[in-house]
Structure formats: C-alpha cells, structure tokens
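Read through the structure below, which is laid out as structure tokens, and then see the notes.
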Amino acid sequence: MQFKNVVIFSKPKQPDVAKAASELKSWFAQKTLDVDLNPATVHAEADLAVVLGGDGTLLAAARTLGDHQIPILAINYGGLGFLTEVTLPEMHSALERVLDGHFVADRRMMMDVAVHRSGQAIAQYRALNDAVINKGTLARIIDLEACVDGQYVSSFRSDGLILATPTGSTAYNLSAGGPIVFPAMNAMTLTPICSHTLTNRPLVLPGEVKIDITLRSTQDEVHLTVDGQVGMRLNRDDRVRVERSKVTVQLIAPSGKNYFDVLRGRLKWG
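Mind the numbering: the sequence shown is residues 499 to 768 in the working numbering, read in order.
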C-alpha cells in the first residue's frame, strides 16, 4: 500500500507535543507526502493517520474519523499505553518501515452504544474501548439490570458496570478485575465494578449479542461514559444498548511488533 496523504492527531495545547507534530509534518513533507495537522479537515483523500500521544489521543482520533476508518499508526507520546505501540525513540525508523510497506494491520472491533428513554433512542455513541455506567462521587450503590439478546442475566448492585471490547479489556476492565481478551477475538466483556454481591463475576460474551443494561436506581448521579471521553447522565429506567459496530478501526505497526510484546512491556511480565 502506498501512502500519499497523512493526517496527524496530537494535543496542540501541549507545547512539546505540538513541536513534535510540526517536526513530523516537515519530515513527511521531505518525503513528498501531503500532511494535515488539523484533524477537523479529514477528507476522503487521507489514507494514513498518525497519532502522536497516548491512548486517549488515539481514542479521540478513532471517534473523529467516524466511518472514514483509515489505517492508524500510534506513536506513544504519553504514559502507559496499550494502543500506542511505537515508542518515541522508534518513531522515525518505524515510519520508514511503514512507508516502505513493511507493516502489519490489525482490525479492532468497535461497539455501538445507544441510550433509550421512554422507548426512544436519545443518544448514540461509538466505542473503541468501553462503555461504563457508574455512580457519581457521592452516590450510593446503584442497581443495574442486565439482559443479553433479551434474556435476563442478573441484577447488579455495585458501583457500576463496564462493557468492553477486546481492545478495551486492558483499560478500566483490567483495573476492575476483568479478563484480558486477545484483540482479534469477536467478543465483549461485562465486568461489575465493586459488586455488592461477591459472586457477581466478569462475563465474556460473543460479539454478535445485544447487551441491554437498565438503570433501576432512583438517584440522579449515575453516568454513562464512552471511552472515558463522552457520555451523559442517566435517569431511572434508562436502557443502554451495546452491540458490535459495523465499523472497525485499523491499527498498523511495523513488522516485528506484536501484541504480547506490548503486554510484556506494559505489565512488566517476565
């Protein structure tokens, strides 16, 4: 694949990141590639996205790209990151290999998240990592009812629930005791957050199912948060439906990188 038009995602309000992005633009220009530093102007001609930042920047980039899911190469300019595989010292050598066609592509599933109130869909989101329903700072334990393909699963009295993709299994899901799911799997996880019932355990579900979570609590401070960045407050009896999206995200990395390299590095495995 020959790349010709590149869009760079970064955090322009951080001077060091903005400087690195500007230098990267000049580097691409020397190789006669068209480069855009303004993600808001992403158009059909763009055929490569480079993310300079942490996992949060990549999640925002995936949302900005919407249905126009061009390949994404992520450079880790943040802290701990499971999605940004290439480190800053590796950046130029990694880019050289990618531009020469020596890379591997990895398609990641996304989830469509819809909020239904009084029988009507009032909000829709798309998640690469997760959808989290949790209580506000001062709220009590909340009551949530879960169904899978219309079949009742359980009622959860807990601080909340995490619904995660395989990509998101190493994010909040992992911190809450959920399983690590290999990113190529067609699956979703449902993980309680500090469940009042100790026998409530995380579930791994097929990617084809539709998961409905209904809020049964009367308190106000319950929120839905998607990929840790967007969301809304929920009311009693609001139903959150989560299902596999038809849109995927294509992450690319230089040949020689693999998922277990990332896990060993991030989790300090032997």
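C-beta atoms are modelled at their ideal positions from N, C-alpha and C, and glycine is treated no differently.
Query - Collapsed DSSP secondary structure at Ala544 in the structure displayed - result: Here Ala544 sits in coil by DSSP.
Query raised in the report: Among residues of its own chain, excluding the 5 on either side of Phe654, which ones have a beta-carbon nearer than 7 Å to its beta-carbon?
Result: So the list reads Leu642, Ala644, Pro690, Ser693 and Asn698, once near-sequence residues are dropped.
Query raised in the report: Run through DSSP, which three-state label would His721 get?
Result: strand
Report task. Report yes if the C-beta distance between Arg737 and Asp710 is below 7 Å; otherwise report no. Result -> In this structure, Asp710 lies closer than 7 Å to Arg737 by Cβ.
Query - Start-end ranges of the alpha helix (DSSP H) lying completely within the segment 664-744, minimum 4 residues - result: 670-673
Report task. Could you tell me whether the segment 620-631 touches the segment 722-734, where touching means 3 or more Cβ pairs closer than 8 Å? Result -> yes
Requested in this report: Return the CA-CA distance between Lys509 and Leu659, expressed in angstroms with no decimal places.
Outcome: 30 Å
Report task. Would you mind sorting Leu758 into buried or exposed? The rule is 16 or more other CB atoms within 10 Å of its CB. Result -> Inspection of the sequence shows that residue 758 is occupied by Phe rather than by Leu. Classification for Phe758: exposed.
Query raised in the report: Within 10 angstroms of its Cβ, does Pro752 collect 16 or more other Cβ (buried), or is it exposed?
Result: buried
**Report entry** Residue closest to Val533, alpha-carbon to alpha-carbon, out of Val505, Ala662, Pro681 and Leu688
**Finding:** Val505
**Report entry** Pairwise C-alpha distance: Asn574 and Ala519
**Finding:** 12 Å
Query raised in the report: Exposed or buried, which one is Pro664 when buried takes at least 16 other CB atoms within 10 Å?
Result: Looking at its Cβ environment, which holds 16 or more other Cβ atoms inside 10 Å, Pro664 is buried.
Query - Reference Met499; option with closest CA among Val596, Phe507 and Ala612 - result: The shortest C-alpha separation from Met499 is found at Val596.
Query raised in the report: By Cβ distance below 7 Å, which residues in the same chain neighbour Pro677 in space, the five residues on each side in sequence not counted?
Result: Ser667, Thr687, Pro700 and Val702
Query raised in the report: Do the CB positions of Phe580 and Arg764 come within less than 7 Å of each other?
Result: yes
Query raised in the report: Using DSSP with H/G/I as helix, E/B as strand and the rest coil, what is Leu563?
Result: helix
Report task. Report the three-state DSSP secondary structure of Thr555 (helix, strand or coil). Result -> helix
Query raised in the report: Comparing alpha-carbon positions, which option in Thr716, Gly754 and Val740 lies nearest Arg734?
Result: Thr716
Query raised in the report: Excluding the five sequence neighbours on either side, which residues of its own chain have a C-beta within less than 8 Å of the C-beta of Arg606, listed in chain order?
Result: Leu626, Thr663, Pro664, Thr665, Pro681, Thr746, Val747, Gln748 and Leu749
Requested in this report: List in chain order: all unbroken beta strand (DSSP E) runs of 3+ residues lying wholly within the segment 596-643.
Outcome: 601-615, 618-625 and 628-633
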